[in-house]
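Report on the structure given below.
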Amino acid sequence: MSEFRAPVRDMLFAMNELSDMSEVAALPGYEEATPDMVEAMLEGAAQLANDVVAPTNVIGDTVGAKLVAGHVVVPEEFKSAYQQYVEGGWSALSFDPEYDGMGQPMLVGMAVEEMLQAANLAWSLCPMLTQGAIHAIESYASKELCSAYLPKMISGEWTGTMNLTEPQAGSDLSVIRTYAERVDERFRITGQKIFITWGDHDMTDNIIHLVLARIKGAPEGVKGLSLFLVPKFKLDAGGNPADFNDVETVSVEHKLGIHGSPTCVLGFQASEGYLVGEENKGLISMFAMMNRALLNVGLEGVSISERAYQQALFHANDRIQGGVPIIQHPDVRRMLMRMKSEIEAMRAVAYYAASHLDKAEKSADAAVKQHSAAMVELLTPIVKGWSTETSQELTSVGIQVHGGAGYVEETGAAQHFRDARITTIYEGTTGIQALDLAGRKILRDGGAAMTAFIEEMSAVIPQLEANAELAVSAISFKEALADLRGSVTWLLENAGDDRDTAGAVSYHLLMQAGIVAGGWQMARAAVIASERLASGAADTDFMQAKIFTARFYAEQSLPRAAAHAVTIRSGGETMMALSTEQFAAAQQ
Ligand SMILES: Cc1cc2nc3c(=O)[nH]c(=O)nc-3n(C[C@H](O)[C@H](O)[C@H](O)COP(=O)(O)OP(=O)(O)OC[C@H]3O[C@@H](n4cnc5c(N)ncnc54)[C@H](O)[C@@H]3O)c2cc1C
């Protein structure tokens, strides 16, 4: 099994060259994010990820999280890694200095997050969900709640969870049944939540649950949902965990992957809860953490693919067949190059989206703020859907590079494939992301944000054309952009006729947009690498590899976008034609 090494060089390239890191660092509040500081931080995080967290990955998979006498127990190695994460101050990285956060940009947080996810996806979910919970509390909770809970969550002393799902309420949250009853200033929360990630564990002495519930008498549907903070242990007068708050861990799921992450059924039994934000506006508060959380889950697609790639690369150099290491065979090169190029493309798009998240939150310029907010809205479902769907294929390719050794568990390739499988499901399935993209992000504004993004992407074409080495990629990228414009126009012209049309083509539109956005970032990367080489850059291996990796993407990955475009133009007629009985007609 290979050792994991965080790809710091490519992360810095994606941040500095492709995601306007210098503009992000110039935003008010980010004065500390100097280039030296950011590089030092990434080096420090890489050490934690490589040497402390990565060695726990297999242990988490084989030992897993267990329910013992009503409490979840995780491997000792997880606790020790978490302790070191907290002691290093990593949990405070991107949060408000008012609550002892380090106030670093989201973009830097994203790179650190990627390393931890790649090191151990199951373990990383605990800090990741805590960060989402902190963000929702910071944005919507009262000053008193913020003061009582945020410092210990930001320090990592306590962790956070997100409680939406119930047995009858998955993608459709309008049918949530968990209810809240007002008792003086507080509420009593009663109901059952399922699939709650890190819903219980023994790494910290309190767990802060954010719970969507309906106040008795509130309207039906999503407009009657409110958000509550429900601690596992209530706080005493000194602010320390004291009495158990009757949040029962009913069971822990046995699942395909991420065995180290306890996925819990939680029973809230008139547990004390405190309102976060306004009554009946719970979904809005939840959405505050959603864009970050969705980008982070999209990033999981990048991270787990990177881990699978490093494993496959190690094996390809090590395994001899036909008298040579298998990396010498063109078809093995095809697989490795596909992994490498699509990972670098996905990383660059995800970081670019994170840079807009920073600008949307911090810019003092109203026009920049507005444009960046629109870009975050547009890119979030693309990063979440496209990167996680692509990770299904790349982790599978990682197994293929191993041959039979990939199908057995010893090499670790199979774990990455199993672990990746959840990423297209939780935080909203690919189908739900695709509907969001087609409906709320394209149809609602008449395609304005997507058209502006296509215009922005087209600026790279003359740069490619002006460079003899890269001109060949200009032709394919120009075609891919024209196809994407065509798909958006097709959607705008046809979606009104039949309510199923947008739903029928949305997955293909999401994948097409992702592949093209990846092609754009790789084209930009090639232009920049070529300029750096011409001006005598020291790291020639990295720059030359970048140019060929970008060309490979243009030749081998970008054409997949055209297939999605063709499918979109055929609409949804055949998809919706069969009666439900006809689906089973062949079995009669
Ligand atoms: C390991 C794991 C961890 C999780 N962690 C958490 C957590 O921490 N907190 C939490 O609250 N939840 C969590 N979840 C739940 C997760 O978010 C849901 O499983 C997910 O939202 C999908 O809901 P569902 O499983 O009910 O599937 P369903 O909603 O039943 O969907 C089934 C299929 O139907 C499709 N579908 C459903 N509705 C539509 C529609 N309107 N249009 C088109 N297609 C549709 C879906 O895309 C999917 O393919 C977790 C789940 C797992 C497995």
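Quick note on this note's numbering: the sequence shown kicks off at 1424 and runs consecutively. Here a beta-carbon is modelled for each residue, glycine too, at the ideal position from N, C-alpha and C. What you are looking at is a predicted structure, and each value in this text was computed from that prediction instead of being measured.
With distance defined between alpha-carbon atoms, name the residue in the options nearest to residue i.
| i | options | result |
| --- | --- | --- |
| C1549 | S1442, E1536 and H1738 | E1536 |
| Q1886 | I1951, A1843, R1756 and G1926 | I1951 |
| I1884 | A1905, R1867 and T1874 | A1905 |
| G1680 | I1845, I1617 and Q1944 | I1845 |
| I1631 | H1682, A1592 and F1691 | F1691 |
| P1528 | T1686, G1937 and Y1453 | Y1453 |
| D1921 | M1999, S1764 and E1643 | M1999 |
| F1593 | T1582, K1575, L1573 and Q1615 | Reading off the sequence, residue 1593 comes out as Gly, not Phe. Of the listed residues, the one whose Cα sits closest to G1593 is Q1615. |
| V1799 | G1821, S1814, Y1775 and E1812 | Y1775 |
| V1509 | R1432, V1634, L1717 and M1626 | M1626 |
| V1806 | M1438, S1694 and G1937 | G1937 |
| D1607 | E1695, I1577 and S1684 | E1695 |
| E1426 | S1547, Y1830, S1953 and A1542 | A1542 |
| P1458 | L1736, L1801 and L1435 | L1435 |
| Q1733 | Q1744, N1473, G1994 and M1880 | N1473 |
| S1881 | A1871, A1897 and L1801 | A1897 |
| V1495 | V1673, E1455 and F1840 | V1673 |
| A1469 | E1440, E1878, V1431 and Q1506 | V1431 |
| P1753 | A1731, V1824 and P1804 | V1824 |
If I measure Cβ to Cβ from residue i and keep anything under 6 Å in the same chain, skipping five residues before and after, which residues do I get?
| i | result |
| --- | --- |
| L1981 | S1899, A1903 and G1942 |
| K1782 | V1791 and S1795 |
| I1750 | A1739 and N1740 |
| I1619 | T1584, N1586, C1687 and L1689 |
| A1419 | The chain is shown from 1424 up to 2011; residue 1419 falls before or after that span and cannot be answered. |
| M1873 | I1865 and V1911 |
| A1641 | G1647 and N1703 |
| G1532 | L1516 and S1517 |
Quick one: what's got a C-beta closer than 7 Å to residue i's C-beta in the same chain, skipping five residues either side?
| i | result |
| --- | --- |
| I1482 | P1498 and E1500 |
| E1604 | F1610, R1611 and K1639 |
| V1725 | E1537, I1766, M1769, R1770, A1773 and S1810 |
| P1451 | K1785 and A1787 |
| R1955 | M1966 |
| D1433 | E1767 and R1770 |
| K1657 | A1665, D1666, N1668 and E1695 |
| L1530 | M1438, S1442, M1444, V1447, Y1774, A1777, S1778 and D1781 |
| E1812 | T1847, T1853 and M1934 |
| S1819 | F1840 |
Rounding to the nearest angstrom, what Cα-Cα distance links residue i and residue j in this structure?
| i | j | result |
| --- | --- | --- |
| A1894 | A1789 | 37 Å |
| L2013 | F1971 | Coverage of the chain is limited to positions 1424 through 2011, which leaves residue 2013 absent and any answer about it impossible. |
| V1598 | E1580 | 34 Å |
| L1516 | M1525 | 5 Å |
| A1466 | R1428 | Looking at the sequence provided, one finds Glu at residue 1466 rather than Ala. In a straight line, the C-alpha of E1466 is about 11 Å away from that of R1428. |
| A1940 | T1834 | 33 Å |
| V1476 | H1987 | 38 Å |
| V1645 | Y1563 | 18 Å |
| I1848 | S1958 | 45 Å |
| I1617 | G1647 | 20 Å |
| E1888 | A1948 | 14 Å |
| L1596 | T1588 | 7 Å |
| A1925 | Q1856 | 12 Å |
| A2008 | V1989 | 29 Å |
| A1918 | T1852 | 22 Å |
| G1869 | M1945 | 28 Å |
| G1705 | P1685 | 25 Å |
| A1636 | P1590 | 14 Å |
| V1675 | M1758 | 37 Å |
| D1923 | K1969 | 42 Å |
Could you pull the DSSP bridge partners for residue i from this structure?
| i | result |
| --- | --- |
| I1749 | According to DSSP, I1749 bridges with nothing at all. |
| E1580 | Answer is none; E1580 lacks a bridge partner. |
| I1877 | Paired residue(s): none; I1877 is not in a bridge. |
| H1494 | V1491 |
| L1801 | Its beta-bridge partners do not exist; DSSP assigns none. |
| N1586 | V1634 |
| V1531 | Paired residue(s): none; V1531 is not in a bridge. |
| I1743 | P1748 |
| V1431 | Answer is none; V1431 lacks a bridge partner. |
Looking only at its own chain, which residues have a Cβ that is under 8 Å from the Cβ of residue i, when we skip the five neighbours before and after it?
| i | result |
| --- | --- |
| L1568 | I1560, L1652, Y1697 and V1699 |
| I1991 | S1910, W1913, L1914, V1928, H1931, L1932 and Q1935 |
| K1655 | D1623, N1629, I1630, I1631, H1632, P1664, F1667, N1668 and V1670 |
| I1557 | F1518, L1573, M1576, I1577 and G1583 |
>> Could you tell me which whole beta strand (DSSP E) segments of length 3 or greater appear in the region 1655-1702?
In response: 1656-1658, 1664-1667, 1670-1675 and 1686-1699
>> I'd like the ranges of any beta strand (DSSP E) spanning at least 3 consecutive residues and lying wholly in the region 1600-1650.
In response: 1602-1606, 1609-1620 and 1630-1638
> Can you give, in chain order, each stretch of the alpha helix (DSSP H) that sits fully within the region 1461-1489 and has at least 4 residues?
Replying inline: 1480-1486
> Quick one: complete beta strand (DSSP E) runs, 3+ long, within the region 1867-1948?
Replying inline: none
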